[in-house]
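Report on the structure given below.
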Amino acid sequence: MPPIYAIGDIHGQKEMLDHALALITADGGDDAQIVFLGDYVDRGPDSRGVIETLMAGQSAGKPWTCLLGNHDRFLARFFREGRQHDPRVKSGLNWLNPRLGGVQTLASYGVHGEMHFAEQEFGETEELLHSEIAAGRITPDALIAAAQAAVHENHIAFIESLPLWHETEQLLFVHAGLRPHISLPHQDPDDLIWIREGFLETGHNFGQLVVHGHTALDHPQHFGNRVDLDGGAGYGRPLVPAVFEGRHCWTLTETGRVPLLP
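Set out below in structure tokens:
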């Protein structure tokens, strides 16, 4: 079987994505099979550019599989419904809060603004009061309308088409993880893009090696039954691609492969 490559959470870091793709090309050629683990948008400066890169690669016939991440769904839901919250965000933060990164994503599409929120107690949903843009103060509804006019419909359709997992005989790729003892078709879709508790601490043998992102670390790590490839690019740390041959894993660097061991 040829090697399969994977890239964790990109979070709008287009330059880091380009560098990761160059490392993969150097190791596996132009037609390397790549699985992207979701969270293409938010926090970084060029979410639009990341989406365009992924769409262009697939349109060119590259064997790229792009999975859905929770931040990608945030963007799609804001565009379709104006939804600013998800109940899985325990802090209640608004997607437009810079900590979650929606404001940076909209800026990459040309909708620049400073968000003003109502005072919030921890756990309460954070409510947007208004936005300050170059033309002045606008209401939340006006901001939603501006986003719907600026974000490309085909970018949203791309996000809405993304699968929740990809599997080979020995590997299972998913954005966040999954619950032990539940078959893949019966997993809660929300868990597949949000789960931490119940997954990160388990030593359960899932049969396949689970390759995921979502939980940011300082560097990708191998935990025996799973590999977490979210090295924190959304917080400015490097985006480190990996390559798998069977269950064996290496990260890719400028000087070649580095074994990633449990």
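Residues in the sequence shown are numbered consecutively from 50, following the working numbering. Where a beta carbon is used, it is the ideal one built from N, C-alpha and C, also for glycine.
- The Cβ atoms of LEU227 and ASP239 lie no closer than 8 Å to each other.
- The Cβ atoms of GLY283 and ASP76 lie no closer than 8 Å to each other.
- Spatial neighbours of LEU192 in its own chain (CB-CB distance under 7 Å, excluding positions within 5 residues in sequence) are listed in chain order as GLY162 and SER180.
- Its chain contains MET104 as the residues whose beta carbon lies nearer than 6 Å to that of PHE207, once the 5 sequence neighbours on both sides are disregarded; these appear in chain order.
- The DSSP-derived three-state label of PHE85 is strand.
- With respect to the C-alpha of THR114, the residue from LEU86, GLU218 and LEU66 having the closest C-alpha is LEU86.
- The bridge partners DSSP lists for ILE187 are SER180.
- Bridge partners of GLY256 according to DSSP: none are assigned.
- For GLY141, the closest alpha carbon among the candidates THR174, GLY285, ALA225 and THR302 is that of THR174.
- Pairing ILE83 with TYR54 gives a Cβ-Cβ distance under 8 Å.
- Boundaries of the beta strand (DSSP E) around LEU220: 220-223.
- Under the three-state reduction of DSSP, ASP121 is assigned to helix.
- In the three-state scheme derived from DSSP, where H, G and I count as helix and E and B as strand, TRP243 is classed as helix.
- The DSSP-derived three-state label of LEU66 is helix.
- Taking one beta carbon from each stretch, the stretch 130-138 and the stretch 156-171 have fewer than 3 pairs nearer than 8 Å; the two do not touch.
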